[in-house]
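For the sequence shown, numbering that gives the first Met the number 0 begins at 0 and goes up steadily by one.
Read the structure below first, then the notes.
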Amino acid sequence: MRHFTTVHDIGDLKTAFKEAMDIKSDRFKYNHLGKNKTLMMIFFNSSLRTRLSTQKAAMNLGMNVMVLDINQGAWKLETERGVVMDGDKPEHILEAIPVMGCYCDMIGVRAFARFENREEDYSEKIIQQFIDLSGKPVFSMEAATRHPLQSFADYITIEEYKKKDRPKVVMTWAPHPKALPQAVPNSFAEWMNETDYEFVITHPKGYELAPEFVGKAQVEYDQEKAFQHADFIYAKNWAAYEKENYGQILSMDMDWTVDTKKMALTDNAYFMHCLPVRRNMIVTDEVIESPQSLVIPEAANREISAQVVMKRILESL
Ligand code: AN0
Ligand code: CP
């Protein structure tokens, strides 16, 4: 594997899960693979889990790690070609990327959707430029439309906790005070559509995701109906995708918050969220603190998903 930006880069999911379990049973087993190799992590946006779990996974593989927060200490980057750079941005991304590529063996990039232009976000301009111009393998640490390391960790978690072969997994929209990208729900849907689980998406009208991500998922606008017989509830907020209100908040309806009453409609479902989560907006204290909450094991699996991905990239160098 050279680059990792979508589920399609990982191949067969069952094989990837087996590799994840192999690594989980002894995370230092492949420590020789990363000797004298350097991971560079580039953050255009904040992070707690991705930063720590990816660095830890790289250290487990014996790699050296460099981290750069573009907005803290680096030169402000111009990203448009053709502009007269007489403003507040001293460096162009078209030089910065190949320069970064000189100092490392692979690059992890976090660059969220900017919500300025839907076509530009959905063209994955920033991460694609890293792929085209760095000369090094590139993996996504959440790009404009997907968060595949998160979805891989979510998939591992479901495989570990499922009590039946074909669980019912329900992804539900929930309210949030700030506009959030569609990357996490898009990506989760993309991974779930590669499994044989029963997969349902529920959200208020107007929050439809891009059809290429919804795929064969069932869309149910009645959240209570969707929760019936669910084995996993995956909560997430996202802003509108539709062209006329792209990136906008259409609803803050607290009736969509995941609470104990709604969880009681499920088949004793597990609760999942990628974190960070706003309590008592997305989910109540009671639900996130309940024994059914998988938010911590899910975050722990971020180290494992990152390690499978970087191990495969190292093997291809
Ligand atoms: C980000 C998002 O929703 O995409 C990152 C989640 C992993 N969340 C926030 O910005 C709060
Ligand atoms: N889930 C996740 O990616 O968290 P961070 O934004 O803290 O990295």
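Even glycine gets a Cβ: it sits at the ideal position worked out from N, Cα and C.
Keep in mind that this is a model prediction, so the values were computed, not measured.
Only residues of its own chain outside the window of five on either side were considered, and among them His228, Ala229, Asp230 have a CB closer than 7 Å to the CB of Asp266, listed in chain order.
Contact annotation: Ala188 and Val213 have beta-carbon atoms nearer than 9 Å.
For Ala152, the uninterrupted alpha helix (DSSP H) run begins and ends at 147-160, by DSSP.
Distances from the alpha-carbon of Gly81 to those of His91, Trp74, Lys75, Gly72 put His91 closest. Look at Phe138: its beta carbon is at least 8 Å from all of the heavy atoms in the ligand AN0. With a cutoff of 9 Å on beta-carbon distance, Ser289 and Thr259 are scored as near each other. Residues of the same chain with a CB within less than 8 Å of the CB of Glu193, apart from the 5 flanking positions on each side, are Val6, Leu12 in chain order.
Beta-bridge analysis with DSSP links Gln71 to no other residue. If you draw a 10 Å sphere on the C-beta of Leu249, you find fewer than 16 other C-beta atoms in it, and that means exposed. The three-state secondary structure of Gly100, taken from DSSP, is helix.
Ranked by Cα distance from Met253, the first of Ala173, Pro147, His2, Ile126 is Ala173. Only exposed fits Asn116, as fewer than 16 other CB atoms lie within 10 angstroms of its CB. For Ser52, the number of other beta carbons within 10 angstroms of its own is at least 16, and it is reported as buried. In this structure, Ser52 has its CB at a distance of at least 8 Å from all heavy atoms of the ligand AN0. A straight line joining the alpha-carbon of Val282 with that of Ala57 spans about 32 Å.
Annotation for His175 indicates a beta carbon at 8 Å or more from all heavy atoms of the ligand CP. Taking all protein chains in view, the Cβ of Ala263 is surrounded by fewer than 16 other Cβ atoms within 10 Å, so the residue is classified as exposed. When the Cα atoms are used, Trp74 and Leu93 turn out to be separated by approximately 13 Å. Between the alpha carbons of Asp87 and Pro184 lies a gap of roughly 34 Å. Annotation for His146 indicates a beta carbon within 8 Å of some heavy atom of the ligand AN0.
In the three-state reduction of the DSSP assignment, His7 falls in the helix class. In the DSSP assignment, Met40 falls within the unbroken beta strand (DSSP E) covering 37-42.
Relative to the non-hydrogen atoms of the ligand AN0, the Cβ of Gln149 comes within a distance shorter than 8 Å of at least one. In the DSSP secondary-structure assignment, Glu77 is bridged to His91. Less than 9 Å divides the Cβ of His2 from the Cβ of Phe138.
When the beta-carbon positions are compared, Asp120 and Phe129 stay at least 9 Å from each other. Taking Lys215 as reference, the option from Ile200, Phe226, Thr144, Gly100 with the minimal CA-CA separation is Ile200. Separation of Pro136 and Glu207 (C-alpha to C-alpha, rounded to the nearest whole angstrom) is 33 Å.
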